[in-house]
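**Q**
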Amino acid sequence: MVKIGYGKEIVTPPIGSGMIGYFEDRISKGVKDDLYARSLCLNDKDNCVFVVSSDFCWIEPSVVENVKKMISEKLKIEKPNLVIHATHTHTGPLTGFNKDIIYTEKIKVDEKYIENLPSMIFKAIEQSYRSLQNVFVGFGSCNVSGISFIRRYKMKNGMVITNPVDRTQIVEPSGEIDQTLNVMKIVDEKNRLIGVAMNFPLHPDTIGGDLISGDWPGMLVEKVSKEFHCEAIFFNGAAGDINHINPFDSQTRSPQITEKIASTIFDSVRNMLPEIKCFSVNNIVFSQDVFKLPKRKISEKDIEQAKKDIEKYSPSNLRYMVANALLMQARIKGDTIDNPVALLTLDNKMGAFFLSGELFSSIGLKIKNIMDVEYKWIIENCNGFAGYIPDEEAFAAAEENKRIRGEEFPDVDVLESIGMEASYETSPISCRVAPEAEKGLISQFKKLWSRHRTMNSG
39 MVKIGYGKEI VTPPIGSGMI GYFEDRISKG VKDDLYARSL CLNDKDNCVF
89 VVSSDFCWIE PSVVENVKKM ISEKLKIEKP NLVIHATHTH TGPLTGFNKD
139 IIYTEKIKVD EKYIENLPSM IFKAIEQSYR SLQNVFVGFG SCNVSGISFI
189 RRYKMKNGMV ITNPVDRTQI VEPSGEIDQT LNVMKIVDEK NRLIGVAMNF
239 PLHPDTIGGD LISGDWPGML VEKVSKEFHC EAIFFNGAAG DINHINPFDS
289 QTRSPQITEK IASTIFDSVR NMLPEIKCFS VNNIVFSQDV FKLPKRKISE
339 KDIEQAKKDI EKYSPSNLRY MVANALLMQA RIKGDTIDNP VALLTLDNKM
389 GAFFLSGELF SSIGLKIKNI MDVEYKWIIE NCNGFAGYIP DEEAFAAAEE
439 NKRIRGEEFP DVDVLESIGM EASYETSPIS CRVAPEAEKG LISQFKKLWS
489 RHRTMNSG
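In terms of our numbering, the sequence shown is residues 39 to 496.
#1: DSSP three-state call for Gly-412: helix, strand or coil?
#2: Over the uninterrupted beta strand (DSSP E) stretch that includes Ala-170, give me the two end residues.
#3: Give me the DSSP bridge partner(s) of Thr-464.
#4: Spatial neighbours of Gly-178 within its chain, please: CB distance less than 6 Å, with the 5 preceding and 5 following residues excluded, ordered by chain position.
#5: Can you check which of these residues, Ile-480, Leu-249, Val-49 and Lys-330, is closest to Val-69 by C-alpha distance?
#6: Helix or strand or just coil, what does DSSP make of Arg-190?
#7: Using the beta-carbon count (16 or more within 10 Å), is Gly-444 buried or exposed?
#8: Identify which residue in Trp-415, Arg-470, Lys-404 and Ser-465 has its Cα closest to the Cα of Gln-482.
#9: Would you say His-126 reaches chain D, if we count a Cβ-Cβ gap shorter than 8 Å as a contact?
#10: Quick one: using the 10 Å Cβ neighbour count with 16 as the cut-off for buried, is Ser-468 buried or exposed?
#11: Between Val-259 and the rest of its own chain, which residues show a CB-CB distance below 6 Å, the 5 nearest in sequence each way excluded?
#12: Suppose contacts are defined by Cβ-Cβ distances below 8 Å. Is His-241 in contact with Asn-181 by that definition?
#13: I want to know whether the stretch 44–60 touches the stretch 69–86 - three or more CB-CB distances under 8 Å.
#14: So Lys-497 is in the alpha helix (DSSP H); what residue range does that whole segment cover?
#15: How long is the line joining the alpha carbons of Asn-229 and Phe-317, rounded to whole angstroms?
#16: Mind reading off the beta-carbon distance from Phe-94 to Thr-133? Whole number of angstroms is fine, and I expect it under 8 Å.
#17: Counting pairs of beta carbons, one from the stretch 318–329 and one from the stretch 376–391, are three or more of them closer than 8 Å?
#18: Bridge partners of Val-89, per DSSP?
#19: Please classify Thr-206: is it buried, with 16 or more other beta-carbons within 10 angstroms of its beta-carbon, or exposed?
#20: Contact between the stretch 395–410 and the stretch 72–79: three or more CB pairs below 8 Å?
#21: Would you kindly check if the distance between the Cβ of Phe-304 and the Cβ of Val-561 is under 8 Å?
#22: Buried or exposed: Ser-461, going by 16 or more other Cβ atoms within 10 Å of its Cβ?
Here you go:
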């Protein structure tokens, strides 16, 4: 029988810390709601796995490595199986120093907070380890519509634009959306509900401003915990091209949208839980790998043009930002980008694929089609920063944009992706990989899944 434990720890940074999420340096002026690291420990006779969800935009690899060391030293677990997921809130702090990311250049970082962060996360992990108990688990899933939308649109002029300003020029969304809500129900040996884990793909970018917040995932977890008097944890899905904005409904940009998203998902969870039958899980199988994704190809001509754009435009100009990001990427050695991934399966019922980066929904759906289990979870933004991982169609659209307009990026000042009037997710600002990344990812996943299933059958 599998044992599961839960732990949580507040990881809210000091007021005055920089906030990550946009192209400007925001200084936090208060706390709307606390940020948390929440940990699930799953244990059978052969495996002990820690899966952490943290209220950050992303988690730096250095934090993950330091937490692993603490697990080894303090819990005496050699080579711990650990995944740290970031829900991707846009109203939280940086988790480390990374000079290779354009977003972080001017963001204020509290050095003492960064130094203490691994210890805070470890406290949640230790709680989950110390609270292990025999459990029964069950799974459910349903489609939740009306709160998530593909944010890239085919326009009347043939271009594909991220969050276009002029909705009258929209033809249709450009992409395939996954609106699956996954739920794992956890009960103790007396059939008392003790935990709920959730997985849904949607950018948490509804709050904005200068107050620290976990956005709608934090609100959702709080709602579930209070209603059912149990622990709760949330994992974001493949949401690289999905957000909450419906360009034809102004209410989706209102302050009330955070509550609407959390309440809509909560209602689905509440309806689903009584129908989920729990059972004894016998087997945990966990495997890890490092995928090699092809890096963006940058020519000498690209570098020379980028240097000219740096001289010509102001730092708030889109072309300056693109040029700066391109030059940063040019300094990265090698032809591939490492992406740490992991697979977790519980018997033959549920499988979860964890990866770094913001994965396009269409790729997530292709990965799900490979997974021959009943309940399929994709969990992005794990164990590092990888930027966006767009599908091949998105890169082709960016090339078509360039052909139609004569240039890929307009001469505009921007603070976020809205108003960019370009394909943001494929731009050097947000994306490091080449158009072949989708094929490489799918190919490597097939091999990993095959190896993993062999372990499962063994």
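The C-beta atom is built at its ideal place from N, Cα and C for all residues, glycine as well. Since the structure is predicted, the reported quantities are computational estimates derived from the model, not experimental observations.
**A** So, to answer that:
#1: It should be pointed out that residue 412 corresponds to Glu in this sequence rather than to Gly. The answer is coil: DSSP assigns Glu-412 none of H, G, I, E or B.
#2: Looking at the sequence provided, one finds Leu at residue 170 rather than Ala. Where Leu-170 is concerned, there is no enclosing beta strand (DSSP E), given that its DSSP letter is neither H nor E.
#3: None; Thr-464 has no bridge partner.
#4: Val-221, Met-310 and Ile-314
#5: Leu-249
#6: strand
#7: Its Cβ having fewer than 16 others within 10 Å, Gly-444 is exposed.
#8: Lys-404
#9: Of the protein chains in the structure, only one exists, and it is not chain D.
#10: buried
#11: Ala-270 and Phe-272
#12: no
#13: yes
#14: Outside the shown range of the chain, which is 39 to 496, sits residue 497, and nothing can be said about it.
#15: 10 Å
#16: 5 Å
#17: yes
#18: Leu-78 and Val-121
#19: exposed
#20: no
#21: Outside the displayed range of the chain (39 to 496) lies residue 561, so it cannot be described from this structure.
#22: buried
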